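Colleague:
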Amino acid sequence: MRTELVSEPGDVQRPNEDFASVALPASGQGGVLVALDGVTPPTGPTGCLHSVPWFTARLGGALTELAVSLPDVPLAEVLSRAIVRTAKTHGEGCDLSHPRTPQATVVIARWSPESVEYLVLSDSALLVEAADGTVSAVLDDRLSRLPRAFLATAALVDANLRNKEGGFFTAAADPSVAGRAVTGVLPRSSVRGLLALTDGAARWVEKFHEGGWGDCCTFVRKEGPQALVDRVRERERADAERRTWLGGSKTHDDATVVYVEWGGGL
């Protein structure tokens with residue numbers, strides 16, 4: 152079995168707000184991957200005493216531990232419990248009802264000899280490579296389907312869309328958002344690889360159009376996760392002046408890639 156993980160900050164002067172882990176239980180049966188993309192808040196109050204990296208480290212750690220130690224608990228329930236656990240660590244000085252309380256997108260995958268379970272919440276991606284080599288993208292595309300005018304200002308987003316019906320959902324302090332995630336279960340025999348990408352790494356497909364999701368999976372299998380992040384950084388630097396693809400997006404974003412591949416001639 153092959154597992155590789157890369158996570159790089161978009162700006163070396165700022166902490167990486169992503170989180171990634173791969174856990175292989177001591178039993179040797181199955182495993183778990185977790186990838187979180189912390190949501191960078193705009194300038195202004197968040198109602199919280201803690202940073203986004205503080206939050207993603209605790210939520211990611213809770214998700215990893217619970218997904219491994221509770222193999223019979225569905226991933227949506229694992230996420231719900233992890234959110235509750237993390238919320239309790241904030242303390243009384245944090246207003247967890249604030250729309251900008253620390254939050255993150257979520258990808259979780261858990262595999263056993265019999266099955267592969269997955270969960271995706273918000274705009275990170277999970278690519279599933281089937282035994283025949285075809286690749287399917289598991290996406291929560293609610294944010295991308297919103298009219299751009301609805302996203303014109305942070306105030307509009309917070310008031311009308313963030314963790315609201317008709318908008319989009321992230322993991323913050325409300326455990327009920329776990330029920331909004333995209334989830335599923337596949338036979339383990341039908342899957343030969345998994346690739347989790349935060350949106351900073353998914354720019355390879357979504358912003359720079361280097362190829363489709365299948366091409367992305369092939370690139371990582373052949374060249375490795377670091378090569379994917381390096382290629383994204385090259386394209387970001389080339390685009391910094393032209394702003395052809397990134398528009399109003401930040402030039403460099405935190406980028407995380409988690410790759411899992413099983414044997415079988417790959």
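Just so we're on the same page, this note's numbering is the position in the sequence shown counted from 1, plus 151. Positions of the beta carbon are idealized from the N, C-alpha and C atoms, including for glycine. Only a predicted model underlies this, so the values are computations on that prediction, with no experimental measurement involved.
#1: Whole angstroms are fine: how far does the CA of L247 sit from the CA of S202?
#2: Once you ignore the five residues that flank P204 on each side, which residues in its own chain have a CB closer than 6 Å to its CB?
#3: Whole angstroms is fine: what's the gap from T349's alpha carbon to P225's?
#4: Applying the criterion that 16 or more other CB atoms from any shown protein chain within 10 Å of the CB defines a buried residue, is S220 buried or exposed?
#5: DSSP on G198, reduced to helix/strand/coil?
#6: The beta strand (DSSP E) with R293 in it runs from where to where?
#7: Can you tell me where the beta strand (DSSP E) holding W262 begins and where it ends?
#8: Go ahead and label E243 buried or exposed: buried means 16 or more other beta carbons lie within 10 angstroms of its beta carbon, across all protein chains shown.
#9: Provide the residue(s) that pair with S426 in DSSP beta bridges, ordered along the chain.
#10: Which same chain residues end up closer than 6 Å to L297 when comparing Cβ atoms and leaving out the 5 residues on each side of it in sequence?
#11: Please return the same chain residues whose Cβ sits closer than 7 Å to the Cβ of G415, not counting the five positions on each side in sequence.
#12: How do the region 314-326 and the region 366-382 stand: do at least 3 beta-carbon pairs fall below 8 Å, yes or no?
#13: In or out: H241 buried (at least 16 other Cβ within 10 Å) or exposed?
#14: Does the beta-carbon of L156, which I'm using as the reference point, lie nearer than 7 Å to any heavy atom of the ligand PLP?
#15: Given that a residue counts as buried once 16 or more other Cβ atoms are within 10 Å of its Cβ, and exposed if not, what is V163?
#16: Taking all protein chains shown into account, do 16 or more other C-beta atoms lie within 10 angstroms of the C-beta of K401, making it buried, or fewer, making it exposed?
#17: Once the 5 residues before and after E159 are set aside, which same chain residues still bring their CB inside 6 Å of it?
#18: Confirm, please, whether the CB-CB distance from L184 to V409 is below 8 Å.
#19: Let me know the secondary structure DSSP gives E280 once reduced to three states.
#20: Note the first and the last residue of the continuous alpha helix (DSSP H) segment covering F170.
#21: Tell me whether D223 sits in a helix, a strand or coil according to DSSP, three-state version.
#22: Roughly how many angstroms lie between the CA atoms of A324 and A305, to the nearest whole one?
#23: Please classify K315 as buried or exposed, where buried requires at least 16 other C-beta atoms within 10 Å of its C-beta.
#24: Give me, in chain order, the residues of the same chain whose beta-carbon lies closer than 7 Å to that of A423; leave out the 5 immediate sequence neighbours on both sides.
#25: So, at 6 Å on beta carbons, what are the nonlocal neighbours of L417 in its own chain, with the 5 sequence-adjacent residues on each side left out?
#26: Do L345 and V411 have their beta-carbon atoms positioned less than 8 Å apart in this structure?
#27: Quick check: what's the CA-CA separation for V328 versus L294?
#28: Leaving aside the five residues before and after E155 along the sequence, list all residues of the same chain whose C-beta is less than 7 Å from its C-beta, in chain order.
Modeller: The answer reads as follows:
#1: 13 Å
#2: If we look at P204 and ignore the five residues flanking it on each side, its Cβ neighbours are P166 and E168.
#3: Looking at the two C-alpha atoms, the distance is approximately 22 Å.
#4: exposed
#5: Three-state DSSP puts G198 in coil, outside helix and strand.
#6: Here R293 belongs to no beta strand (DSSP E), and DSSP marks it neither H nor E.
#7: A255 to W262
#8: exposed
#9: Residue 426 lies beyond the range of the chain shown here (152 to 417); nothing can be said about it.
#10: Nothing listed; no residue qualifies.
#11: The predicted position of G415 is uncertain, since its pLDDT is 46 and thus under 50; no value can be drawn from it.
#12: no
#13: buried
#14: Here there are no bound small molecules, and the ligand PLP is not part of this structure.
#15: exposed
#16: exposed
#17: V380 and A406
#18: yes
#19: Under the three-state reduction of DSSP output, E280 falls in the strand class.
#20: Segment D169 to A174 is the beta strand (DSSP E) holding F170; no alpha helix (DSSP H) there.
#21: coil
#22: 19 Å
#23: exposed
#24: Outside the shown range of the chain, which is 152 to 417, sits residue 423, and nothing can be said about it.
#25: Only weak support exists for where L417 lies, its pLDDT of 29 falling under 50; the coordinates are left without a value.
#26: It is a contact, given that the beta carbons lie within the stated cut-off.
#27: 15 Å
#28: G375, P376 and Y410
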